[in-house]
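Below: one structure, written as structure tokens.
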Amino acid sequence: MDGAGVTEVILQFFVLPFLVIFLASLIQMGMRYGNLSGDIPWFDTQREAYISLVIGAIVTVAVTLIIGGPELFVLFWRPLITTVIMLPIAFGAALLSFGIWHRVRR
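Just so we're aligned, residue 1 is where the sequence shown starts under the working numbering, counting upward by one.
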């Protein structure tokens, strides 16, 4: 695998799920806690994480199917595995970003 191939893999299997999970989490938190004043209640935030994970997995698998791959593992399981790997990082970044934005806005 050359340098361009490594870059494509990183973009497709790590950056794409990160961005999708990050944006889906921010949108959900904005809709749910947008009108809330004070601290963000951190209970039940796992719902946003799981919904974002499903959205990220669907988008990543769809993009992988469109691009294609050499074998079944690459087409289905690799996007799902990397999406699960990116969930805590992306959701943590979304929580941090939304928390800072929520504090600054108030």
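Backbone N, C-alpha and C fix where the C-beta goes; we use that ideal spot for every residue, glycine too.
Quick caveat, the model's predicted, so the values are computed rather than measured.
Distance CB(residue i)-CB(residue j) smaller than 7 Å
i: V20; j: G56; result: yes
i: L75; j: T64; result: yes
i: F91; j: A49; result: yes
Inter-residue CB distance, residue i and residue j (contact presumed, cutoff 8 Å)
i: F98; j: M29; result: 5 Å
i: T60; j: P88; result: Not confirmed; about 16 Å, so no contact.
i: R103; j: F13; result: Rounded, the Cβ-Cβ distance is 33 Å, inconsistent with contact.
Backbone CA spacing between residue i and residue j [nearest angstrom]
i: S25; j: T83; result: 14 Å
i: L95; j: V6; result: 29 Å
i: I66; j: R47; result: 29 Å
i: A93; j: M86; result: 11 Å
Residue range of the alpha helix (DSSP H) that includes residue i
i: W101; result: R78 to R105
i: F14; result: Premise fails: F14 is in no alpha helix (DSSP H) and is neither H nor E.
i: T64; result: Q46 to I67
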